[in-house]
Amino acid sequence: MTVESSAARKPRRSAAGKTGTAGTGRSTRSTVKQGTEPELVQLLTPEGKRVKNAEFDAYVAGITPDELRGLYRDMVLTRRFDAEATALQRQGELGLWASLLGQEAAQIGSGRATREDDYVFPTYREHGVAWCRGVDPTNLLGMFRGVNNGGWDPNGNNFHLYTIVIGSQALHATGYAMGVAKDGADSAVIAYFGDGASSQGDVAESFTFSAVYNAPVVFFCQNNQWAISEPTEKQTRVPLYQRAQGYGFPGVRVDGNDVLACLAVTRWALERARNGEGPTLVEAFTYRMGAHTTSDDPTRYRHDDERVAWEAKDPILRLRAYLESSNHADEGFFADLESESETLGKRVREAVRAMPDPDRFAIFENVYADGHALVDEERAQFAAYQASFADAQGGN
Numbered sequence: 017m018t019v020e021s022s023a024a025r026k027p028r029r030s031a032a033g034k035t036g037t038a039g040t041g042r043s044t045r046s047t048v049k050q051g052t053e054p055e056l057v058q059l060l061t062p063e064g065k066r067v068k069n070a071e072f073d074a075y076v077a078g079i080t081p082d083e084l085r086g087l088y089r090d091m092v093l094t095r096r097f098d099a100e101a102t103a104l105q106r107q108g109e110l111g112l113w114a115s116l117l118g119q120e121a122a123q124i125g126s127g128r129a130t131r132e133d134d135y136v137f138p139t140y141r142e143h144g145v146a147w148c149r150g151v152d153p154t155n156l157l158g159m160f161r162g163v164n165n166g167g168w169d170p171n172g173n174n175f176h177l178y179t180i181v182i183g184s185q186a187l188h189a190t191g192y193a194m195g196v197a198k199d200g201a202d203s204a205v206i207a208y209f210g211d212g213a214s215s216q217g218d219v220a221e222s223f224t225f226s227a228v229y230n231a232p233v234v235f236f237c238q239n240n241q242w243a244i245s246e247p248t249e250k251q252t253r254v255p256l257y258q259r260a261q262g263y264g265f266p267g268v269r270v271d272g273n274d275v276l277a278c279l280a281v282t283r284w285a286l287e288r289a290r291n292g293e294g295p296t297l298v299e300a301f302t303y304r305m306g307a308h309t310t311s312d313d314p315t316r317y318r319h320d321d322e323r324v325a326w327e328a329k330d331p332i333l334r335l336r337a338y339l340e341s342s343n344h345a346d347e348g349f350f351a352d353l354e355s356e357s358e359t360l361g362k363r364v365r366e367a368v369r370a371m372p373d374p375d376r377f378a379i380f381e382n383v384y385a386d387g388h389a390l391v392d393e394e395r396a397q398f399a400a401y402q403a404s405f406a407d408a409q410g411g412n
């Protein structure tokens, strides 16, 4: 049920093996085998059938039909927003966009597992998590349009600004979690990053510090198989979740296209953090259906048959099949949601086009608390440069 990267048409190394979750302190009875791949936690099959899980069923045992419909709505609206943002970039309204297409279950499941007092450190692709944290989708677009450096107050939703530097947010999250522990707060921290970022030294340092200081942090790695054009096989010789063993804390691989499994596993990991049991590494095994960003062309490094195979495991279609077979949703619900998604798309388009141009001199503010002579000099030089355009226009 898993798919080999088309860039590496050969069996994976035996190091990936069948070790499952050995060394994590958890049983392997509730995982499902995926051919030659390591075992992973799954609650919904790609066909939308519910499978039992002795360890993680308890974390979604009380979920109601209304909550299931809510998860489906979250994924549909997040995908609609993402599609609109991609279209806006193609139309020249945004400078760049990083699509989450295919990763909705990993983000919505984990995002809905957080509590209001938890703190989230994202990369630049966590649009679904932002949705779960109550950040208005239109606020995500300002940075990609070039009118601000973020667009929201991180403390308003406990959702940090997007991080462009690969892997650095893992350190931010670890430091914040160490502070949470010292404060004695009953909350947890979650850091998001991709499979490519797992090769960064910042992430390794985060693992070391969080383990040594028993920080209440969850490292949520969305393994979408490609770090831009580099497959996972060039990032690691063992499954990513097994890296946690070397640092002394648990790691688990979850089906990243299964929103229920992502919800359950993340709840478990956050509960460990709140109980003072330290960090956890969650590897959400998913797939990036689109390009790395709108400046990328994935057809240059991967084959269409790989995408087609993963389309059969689409996270939204999977949950819809379960809702329909369980009689938890009717055609009226899906029709209303389709209308709501179109309304969201229109609102996003209008909001982006109405964004005001930024103050050109704002970049010089808040650099130093009391000002600085060099900054004053640079501001004056920039002002003269800007004035030269007005002089040139006046001369014409």
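Numbering-wise (our numbering), the sequence shown opens with residue 17 and increments by one.
Built from N, CA and C at the ideal position, the CB exists for glycine as well.
Everything numeric in this text was worked out from a predicted model, so none of it was measured.
contact_flag[the region 282-291, the region 239-255] where n(CB pairs < 8 Å) is 3 or more:
Verdict: no, contact absent.
Give the DSSP-derived three-state secondary structure of residue 213 in the structure shown.
helix
Using three-state DSSP, classify residue 76 as helix, strand or coil.
helix
Simplified DSSP state of residue 392, which is helix, strand or coil
helix
Within this structure, are the beta carbons of residue 3 and residue 60 separated by less than 7 Å?
With the chain covering 17 to 412 only, the question about residue 3 has no answer from this structure.
With distances taken between CB atoms, is the gap from residue 190 to residue 222 smaller than 7 Å?
yes
How many angstroms separate the CA atom of residue 88 from the CA atom of residue 231?
32 Å
C-alpha gap between residue 72 and residue 280, whole angstroms
6 Å
The region 368-375 contacting the region 101-111, beta-carbon criterion three pairs below 8 Å
yes
With DSSP collapsed to three states, give me the class of residue 296.
The three-state secondary structure of residue 296, taken from DSSP, is strand.
Count the CB pairs spanning the region 131-145 and the region 93-100 that are closer than 8 Å, and state whether there are at least three.
yes
Enclosing beta strand (DSSP E) for residue 271 [first to last residue]:
Residues 267-271.
Kindly indicate the opening and closing residues of the beta strand (DSSP E) around residue 421.
In the structure as shown, the chain starts at 17 and stops at 412, and residue 421 therefore has no counterpart that could be examined.
From the beta carbon of residue 249, is the nearest beta carbon of chain C less than 7 Å away?
This model lacks chain C altogether, as it is built from one protein chain only.
Is residue 256 near residue 293, with beta carbons less than 7 Å apart?
no
Just curious, the beta strand (DSSP E) that residue 137 is in, first and last residue?
Residue 137 -> beta strand (DSSP E) spans 135-137.
Can you list, in chain order, the residues of its chain whose CB lies under 7 Å from that of residue 243, leaving out five sequence neighbours each side?
Closer than 7 Å at the Cβ level, and outside the excluded window around residue 243, lie 210, 211, 212, 251.
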